[in-house]
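Top to bottom, those sequences are chains X and W. Start counting the first sequence at 480; every next residue gets the next number (my numbering). Start counting the second sequence at -6; every next residue gets the next number (my numbering). No residue lacks a Cβ here, since even glycine has one placed at the ideal position from N, Cα and C. Note sheet for the following structure.
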Amino acid sequence: MTDYVELHAHSYYSLLDGASSPEDLVAQAGVLGLPALALTDHDAVYGAVAFVKAAREIGVRPLLGAELTLEGKDQPHHLTLLVQNARGWANLCSLITRGRLNADKGSALLPTQALEQHAGGLIALSGCRQGEIAWALRHNQFDTALAAAERYLRWFGRDRFYLELQHHHLPHDEMLNARLADLADHLQLELVATNNVHYATRASKALQDVLVCIRHNSTLGESSQWLRPNAEYTLKACTEMQTLFRRYPQAITNTLRIADQCAFDLSFGLQELPTFPTPDNLSAPAYLRSLCAVGMRTRRLSVTEAVEQQLSHELRVIERSGLANYFLIVWDIVRFSREQDILCQGRGSAANSLVAYLLGISPINPLEHHLVFERFLSDERQAVPDIDIDFQADRREEVIQYVYARYGHAHTAMACTFITFRARSAIRDVGKALGLPPDLLDRAARAIDTFKSGRIAEDGDLDTLFPSKQTFNQLIDVTEQIDGLPRHLGIHNGGMIVMGAPLASRLPTEPATMPERSVVQWDKDSLEDAGLVKIDLLGLRMLSAIAETKATVTALTGERLNLDALRFDDAAVYEMVSEADTIGVFQVESRAQQQVLPRMRPREFNDLIISISLIRPGPIQGNMVHPYLRRRLGEETVKYPHPLLQPALEETLGVVLFQEQVLKVARDLAGFTGGHGEGLRRALGSKRASAALERFHADFIDGAVNKGVEESLANAVFDTLRAFGGYSFPKSHAAAFAVLVYQSAWLKRYHPAAFAAALLNHQPMGFWSPATIVSDAKRHGIRILPIDINQSAAVCTLEDGAIRLGFNYVKGFGDEAVDRLLRAREAGTFSGLADFSRRTQLPRRLSEHLILSGALEEFGKTRRSLVWELGKLDYRPDTLSLDLPEDTLQFPSVSIQEVMGLEYELMGLSLRDHLMTLYRDRLTARGVIGSHQLTDCLDGEAVTVAGQILVHQAPPTAKGHHFVTLEDEDGFINIVVRPDVYAEHRRVLRESPLVIVTGVVQRQKGVINIVAQTITALR
Amino acid sequence: MTRLWRTGTPIEAHTTADGDLQAFTWQGARHTVTVVANRWRVDLDWWEQHIWREYFKLATDTGLLVIVYHDLAANTWSLQRLYD
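Here it is in C-alpha cells:
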C-alpha cells in the first residue's frame, strides 16, 4: 500500500464527463496500490453502489462524495465534498437534491448558501480550476479568493476544509498551486493534492474527448474550449503524485489523513418503509394474517393441511424478514386498482407466494403449480424481493399518482434508469463528434444489424461507406469503447420507492421530465444491491386491450365477461393456439412461437406455461428446445443426467426450462438449501459475478460428490446450468403470464372483432404491426371499414360486427384535433368538404391527411379533386357557408398503387387488397407460388416464393442465421437465411420491401420453412 | 523579434537519466540550460495529426530564451520559438 489516496475521481456516471466505470477506476486503484479511492461524480451518486461493491471485492477502501456545482457571480463553480459519516451522507443527499431541483433536467446549480446548513459530516476540498477559490486566484481576484476561503472555513471548520492542489502539466499549474499555498499559509489551512481523475488510464483519453463533444453537441474540431489539452487526468501512482507535488509533501500525506477521517459505510439494509395503518392497532403481521384469511374465502380455497402449512411457513418468513408492512403496502395498491376497475396482476417471482395469491396480488395458486416460495423469499436470501405488478397501461398513471398521494412526494420517487449507448446511437453520436456528415451516419446506422456498438466492426461491408479507412477505424475504435456507457438519465418503467423518512435525507432525487414525477439517483440494480425495496408498477398494454375488449362486449351485448372465472380447459382455444393462429395473443404470437406451437400442440394450461418458457435465451442457448419437443412427441426417450434429478426435471421431460429448476437441481444433486440455490441462480444470471459463480461451482461439485455423484457428471450438469445462464422465466412468472395467454386467446377465439379492435387501439404492443393485425382480422372474415369523417370515432370501434378504423389511425391526429372534429360533429353530420372544413377549422394538413386516407370517400369525389377543392377553400371561421361553384376540371383517379402508398404513409396500413395481388399474375407466370400452396409442397422440394417482408430477425442465439417472415395475400411464408446466404444477399434484405426467394422447403410437424438459396428484389 | 518554426526545427537534446533536459545542440552550437521557466504537456488532435509533446520554456548559458519540445511519440526534440 502507498501513501497516497485519490480523493477526486469522476466515473462515467458524471454523464458525458468521465470515461471509466466505477469498477474500472477501482481496479486501476488496486493496480496502483492505492489504499482507498473516492468517487466524486458531478452532482450525483449514481455509481455509488457499484463503486462500493467493486471496491470491497478488490480491497480498496471506498470513499463516497460528489463534486457539486455551485452558483457563482460570474459562472458556476465546483466544490468537492467527501462523506465522513451518516450525517454527511444525509447532507450530501439533501444538497444534491436541492441543486438538481434548482436547475434544468440533467444539470444542477446549488445556491452556495445552502452549504451552511448542510456542512455537517462532510469534508470540503476547494475544487478544481473551476472551484470558487481557484477561479478567483487565476483571475487575480485575491480578495474574492480570500473571502471565499474564509467563508468555507467558517462553514466546515479547519479540520474539514482543505485547499485542493492539482497538477496536470498545464502551463499555469505551478503558479496556481503557489497562490493556493500562499492562501493556505495566510489562513493556516491545510493543502491536499488530487488529480481530478476523468478516466482510469490514458487509453481512454479519446473516449473522454468524444463524450465531452457529445455533451456539448459539438465536433472535436470545434471543441477546443471544452477539451482538456492533455491526457493527464488519469489515476496516478503515489510516486508520480509525490514528484508532482514535491514542493508540498503535506498535500500528499493529507490525502491519507482525510481518508482516515471518512468512516461512512453505505448501509445495506432494509429501508424504513412508511408504516401502513392497520385497523384496531393490529401489528402488521397480524393484519396480514387476517387479510390472508379473507383471501382464503374469496379465492374459495379449501383449507387443506398443505395450504395451512405453506401459509404459516410464508407468514413466518415474512414476519422474520420484517416485510409484513411491505406486503400491506402492495396489497393496498392492488386494492385501490381493483376498486377503480383498473386491471392488474402480479408477475415475476411474487407468484411463488401463496400470501401474494391470497392478497389478490398474483393470479396463481403456487401449490397447484408446484412453485418454490424460496425463489421469492427465504431466510438465507439477503436481497429484498421486488414485487412486480402489471397494470393496464392506459391507466397506470392513476396508480402511480395514488402512491404519490398516499405517501407524499417527499417520501416517494421512481427508480432511475440509464439510457446507454447502443450501436446506432453510438454511430450517430461518435460520428458527429468526428465531424462526419449526418446523411453518411444515417446510412451507416441503418446499415448495421447489431445493437451492440462493440460489435459494429463485425457488420460486413460498413467500411465501404466511409471516405477513409482512418476515419472508419477511429469511429470503430471509439464506438467499441462507448458500448454500454450511460448517455443520460431516464425514468424506470415503473419502479417506485416509498420511504418513511423523507427521501432526500437518504438518497438524492431529481425531477423527471414527466410532470409530477421525480427519480432517485439509483437504478434498479443499485437499489437492489443496497437492499432498498422497489415496487414495480408496470404498464402492460395487453391488459388495456383485455379491459377494452370486455367493455366493448358488455356495451354491445350486455354480457359481462368474467375472465377470472375461465377454467383454462376450452379445447377450441387450445386448437386455435396449436394451429399457431395466434396473431395478437399475448406472448405466443411471435414467429418463433408460431414455429413451436404446431409441433407442441398445447392442450392444457401447463402447456402454455412451458410454451412461453421455451422461447427464451436460456433454454435456447442451453439447447433445451429441440430435445424437449422431440421427447414430447415421443421421438426421443426422456432421460435424466442422474436419477436424483428426475423429481426436479420430470415436468419438463428432463430438460431445464424454468429458473426454479436451477434451485431444485442444486438441491437434489448437490444438497443446496433454497437460499443457497437462489444465490447460484443469481450468479448464473449476472455478468459481473464470475468469482461468485466459481465459489458456487466448487460448492456444487463438493455437494454432489458428497451425495455419491461422480465429479465429471456433476461438472456436466453444472455446465448445463451455466449455458442456461438463468435467462429464462421463473415458472411463477410464466404461470402468471400464461393466464394472460389463455385470456387473450379466449377473447380472440370468441370475440375476435372486439379483440382485434382493442389491439389496434393499444399499439404499439406485441410482435406484429397494425397492418398485420388488420390482415389477420380480414383472413378471419372480419370486415374492416375505412376511416370516415361521419362514422369514425376517436379510436377503432365495432360497427355491425365490422371494425371501423378510428381517427387514431390518421397521421398527425392528436387528442385535440379529434376532440375538435367530434365536437363539431355533435351538431350534425358533415355534408361535404367545405362544411367539414368550416365547422372543424382543422389545419389544412390534417384535412388533407383525412382526404388521402379515404375518410371523405362517401361524398363521391376522387381524392385528388378533394385535395384540389381543399386548396381553394376560404378557411376563415366567419365565412358564409356557401359552397363554391363546382369546378369543371377533371382529375384522374389515384392509382391503386398510389392509394396503397398513401394509406401506408398516413395510417400505417391499407384496406385495399394485399400489395402482392398487384404482382401475382406476373409472378405466377414465372412459376412463383403463393403461401397457400406451400402446404402441398414436399420436404426438400425446390420452390420460389415472394412477399412483403414483415419481420427480419437475427437473434444472438441463432449463430448468424436470419429469420425473415414474408406476407402475401393469403398468409405468411417463413424464410430461414443461412449466414453465407445472408452475407451474399444482405443488401437486398435490408433495402427491398418486397422480395423473391428461391429455396428448399423444410417441413417439421406442421411447420413449413423455406431455406433460402437466392434472394432478389421484387420490383 | 521572435522566430517561430511552426513544426519545429530539429535539435539534439542532452538529458539526465530522469529525462530532464540539461542542454541541446542547435546549428552545431551547444546550449546548456540554466533555468526552466515553465514546462507543460499537450496531447491533442488525436483524430487528425496527433500531437503528444512536452514543452519547455527555458534560458541557456548562451543567452537564448527558447521554447523547445520533446515529441513523446517519436522521441525527437525540436526548437519551436526563439525570443530575440
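Residue range of the unbroken alpha helix (DSSP H) whose run includes residue i
i                       : result
residue 1465 of chain X : 1458 to 1470
residue 1379 of chain X : 1375 to 1386
residue 893 of chain X  : Residue 893 of chain X -> not in any alpha helix (DSSP H); beta strand (DSSP E) instead, spanning 891 to 899.
residue 796 of chain X  : 784 to 799
residue 722 of chain X  : 717 to 723
residue 1442 of chain X : Careful: residue 1442 of chain X lies outside any alpha helix (DSSP H), inside the beta strand (DSSP E) at 1441 to 1446.
Beta-ladder partner(s) of residue i, from DSSP
i                       : result
residue 1126 of chain X : None; residue 1126 of chain X has no bridge partner.
residue 868 of chain X  : X:825 and X:1016
residue 669 of chain X  : X:641
residue 36 of chain W   : W:45
residue 17 of chain W   : W:6 and W:24
residue 997 of chain X  : X:990
residue 62 of chain W   : W:48 and W:71
residue -4 of chain W   : W:75
residue 602 of chain X  : X:561
residue 1264 of chain X : X:1283
residue 1482 of chain X : X:1487
residue 965 of chain X  : X:899
residue 1431 of chain X : X:1443
residue 1453 of chain X : X:1444 and X:1488
Beta carbon of residue i nearer than 9 Å to that of residue j
i                       : j                       : result
residue 607 of chain X  : residue 709 of chain X  : no
residue 637 of chain X  : residue 598 of chain X  : no
residue 1288 of chain X : residue 1133 of chain X : no
residue 1230 of chain X : residue 1291 of chain X : no
residue 628 of chain X  : residue 644 of chain X  : no
residue 1042 of chain X : residue 871 of chain X  : no
residue 753 of chain X  : residue 888 of chain X  : no
residue 1188 of chain X : residue 1123 of chain X : yes
residue 1001 of chain X : residue 528 of chain X  : yes
residue 920 of chain X  : residue 907 of chain X  : yes
residue 685 of chain X  : residue 507 of chain X  : no
residue 717 of chain X  : residue 559 of chain X  : no
residue 1233 of chain X : residue 1277 of chain X : yes
residue 625 of chain X  : residue 601 of chain X  : no
residue 1282 of chain X : residue 1264 of chain X : yes
residue 1280 of chain X : residue 1258 of chain X : no
residue 612 of chain X  : residue 547 of chain X  : no
residue 593 of chain X  : residue 577 of chain X  : yes
residue 1204 of chain X : residue 1096 of chain X : yes
Terminal residues of the beta strand (DSSP E) in which residue i lies
i                       : result
residue 1488 of chain X : 1486 to 1496
residue 76 of chain W   : 69 to 76
residue 541 of chain X  : 540 to 549
Contacts that residue i makes with chain A (C-beta to C-beta distance below 9 Å)
i                     : result
residue 34 of chain W : The displayed structure is made up of protein chains X and W, and chain A is not among them.
Supposed contact pair residue j and residue i - C-beta distance, whole angstroms, cut 8 Å
i                       : j                       : result
residue 1226 of chain X : residue 1200 of chain X : Actually they do not touch by this definition, with Cβ atoms about 38 Å apart.
residue 1224 of chain X : residue 1056 of chain X : 6 Å
residue 875 of chain X  : residue 1016 of chain X : 6 Å
residue 822 of chain X  : residue 1026 of chain X : 5 Å
residue 18 of chain W   : residue 4 of chain W    : 6 Å
Residue i: CB within 8 Å of a non-hydrogen atom of the ligand NAD
i                      : result
residue 699 of chain X : Absent from the structure shown: the ligand NAD. Ligands present: none.
Whether or not the segment 966 to 977 of chain X and the segment 939 to 950 of chain X are in contact is what I'm after, with contact meaning three or more pairs of Cβ atoms, one per stretch, closer than 8 Å; do they touch? no
Is the segment 517 to 525 of chain X close to the segment 484 to 500 of chain X, with three or more CB pairs under 8 Å? Taking 8 Å as the limit for Cβ pairs, the verdict is that the segment 484 to 500 of chain X does touch the segment 517 to 525 of chain X.
Pair every Cβ in the segment 1061 to 1080 of chain X with every Cβ in the segment 1218 to 1233 of chain X, then say whether three or more of these pairs are closer than 8 Å. yes
Can we say the segment 825 to 842 of chain X touches the segment 767 to 781 of chain X, given the rule of at least three CB pairs closer than 8 Å? yes
Would you be able to state if there are at least three C-beta pairs under 8 Å between the segment 29 to 48 of chain W and the segment 59 to 68 of chain W? yes
Do the segment 888 to 895 of chain X and the segment 955 to 973 of chain X meet, that is, are 3 or more Cβ pairs less than 8 Å apart? yes
Does the contact criterion of 3 or more C-beta pairs under 8 Å hold for the segment 1341 to 1354 of chain X versus the segment 1294 to 1302 of chain X? no
Is the segment 1437 to 1445 of chain X touching the segment 1376 to 1391 of chain X in the sense that three or more CB pairs, one from each, lie closer than 8 Å? no
Mind the definition here: the segment 728 to 736 of chain X touches the segment 653 to 672 of chain X only if three or more C-beta pairs lie below 8 Å; say whether that holds. yes
Indicate whether the contact test is met: 3 or more Cβ pairs, each with one atom in the segment 1102 to 1111 of chain X and one in the segment 1139 to 1150 of chain X, closer than 8 Å. no
Per the contact definition of three or more C-beta pairs closer than 8 Å, is the segment 1451 to 1464 of chain X in contact with the segment 1483 to 1494 of chain X? yes
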